[in-house]
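> Protein chains in written order, with this note's numbering: chain A, 1 to 113; chain B, 1001 to 1119.
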Amino acid sequence: DAGITQSPRHKVTETGTPVTLRCHQTENHRYMYWYRQDPGHGLRLIHYSYGVKDTDKGEVSDGYSVSRSKTEDFLLTLESATSSQTSVYFCATRGSSGDNEQFFGPGTRLTVL
Amino acid sequence: AQKITQTQPGMFVQEKEAVTLDCTYDTSDQSYGLFWYKQPSSGEMIFLIYQGSYDEQNATEGRYSLNFQKARKSANLVISASQLGDSAMYFCAMREGNAGGTSYGKLTFGQGTILTVHP
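1) Check whether the Cβ atoms of residue 87(A) and residue 36(A) lie closer than 8 Å to each other.
2) In or out: residue 1012(B) buried (at least 16 other Cβ within 10 Å) or exposed?
3) Can you tell me whether residue 1029(B) is helix, strand or coil according to DSSP?
4) Establish whether the CB of residue 50(A) and some CB of chain B are separated by less than 8 Å.
5) If distances are taken between C-alpha atoms only, which option among 1095(B), 1077(B) and 1028(B) comes closest to residue 1059(B)?
6) Do you know whose CA, among 1104(B), 1096(B), 1091(B) and 1117(B), lies nearest residue 43(A)'s CA?
7) How should residue 45(A) be labelled, buried or exposed, when 16 other C-beta atoms within 10 angstroms of its C-beta is the threshold for buried?
8) Which first and last residues belong to the beta strand (DSSP E) in which residue 66(A) is found?
9) Are the C-beta atoms of residue 1044(B) and some chain A residue less than 8 Å apart?
10) Which runs of the beta strand (DSSP E), 3 residues or longer, sit entirely within the segment 1038-1077 of chain B?
11) In terms of residue numbering, what span does the beta strand (DSSP E) encompassing residue 93(A) cover?
12) Can you list the residues of chain A that residue 1103(B) reaches, using a CB-CB cut of under 8 Å?
13) Taking Cβ-Cβ distances shorter than 9 Å, what residues in chain A pair up with residue 1109(B)?
14) Three Cβ pairs or more, each shorter than 8 Å: is that satisfied between the segment 1051-1069 of chain B and the segment 1022-1038 of chain B?
15) With 8 Å as the threshold, decide whether the Cβ of residue 1106(B) is near any Cβ in chain A.
16) Taking 8 Å as the CB-CB cut-off, is residue 1033(B) touching chain A?
17) Looking at residue 21(A) and the ligand NAD, is the gap between the Cβ and the nearest heavy atom below 7 Å?
18) Under 8 Å by Cβ, that's how I've got residue 104(A) and residue 1045(B) pegged, so tell me the actual separation to the nearest angstrom.
19) Using 8 Å as the threshold, is the C-beta distance between residue 66(A) and residue 41(A) below it?
20) In its own chain, which residues sit with a C-beta less than 8 Å from the C-beta of residue 61(A), not counting the 5 before and 5 after it?
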């Protein structure tokens, strides 16, 4: 257990509204990731961070932005939510480049109506 | 681009029997890592086993073993002595290789296989 929490755990919102999901970790891990899980697609990488204020895009970054102002927090923002962003969002962390395992948070279920 | 393929949407196994979950991958990297994760119905992602591309021996973790066949680009998960608690979704994933000595650790996942263990 890498001490990863995600908030909120569940959210229902309407199309066009902004949404921010928070990932908080207590392990001082350098790397943090946001994935989305959809049926038939497994998990897909949205954005990742390799340090404070160091972020980059993943496979499915359109419509999402991220910020990491502190080691422990990685925020995912949907500027204007769309129904296609209805998904389960997982945050993950990894300690250092020499570490193999990624630890996953419990997930956030987001529904965009 | 990296790609992971899990061709078995669902698998069934009798309790106490062994089962193999298939995973094939495609990458141009020489150095990479292969993972298996378990996702029970409660939704959390549980790390099971890891295999590095340069590891000569197949990885094992308790009842889990990874049958790594590099030339065939396959990384099948073998679960021995299945238990009812093994019923879950299983994901195969690959980590990118090192770019200039730095691996950002980005994972590419397969579509998953739902395993059902019958008593």
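No residue lacks a Cβ here, since even glycine has one placed at the ideal position from N, Cα and C.
Predicted, not measured: the structure shown is a model, and the values here were computed from it.
Let's see:
1) yes
2) exposed
3) Residue state for residue 1029(B) is assigned as coil, using DSSP reduced to three classes.
4) yes
5) 1077(B)
6) 1091(B)
7) buried
8) For residue 66(A), the enclosing beta strand (DSSP E) stretches over residues 64-70.
9) yes
10) 1046-1052 and 1064-1069
11) For residue 93(A), the enclosing beta strand (DSSP E) starts and ends at 87-94.
12) 97
13) 35, 37, 41, 42, 43, 44 and 45
14) yes
15) Yes, residue 1106(B) lies at the interface with chain A (some Cβ there is under 8 Å from its Cβ).
16) yes
17) No copy of the ligand NAD appears in this structure; indeed no ligand is present at all.
18) Between residue 104(A) and residue 1045(B) the beta-carbon gap is near 4 Å, inside 8 Å, which marks them as a contact.
19) no
20) 46 and 47
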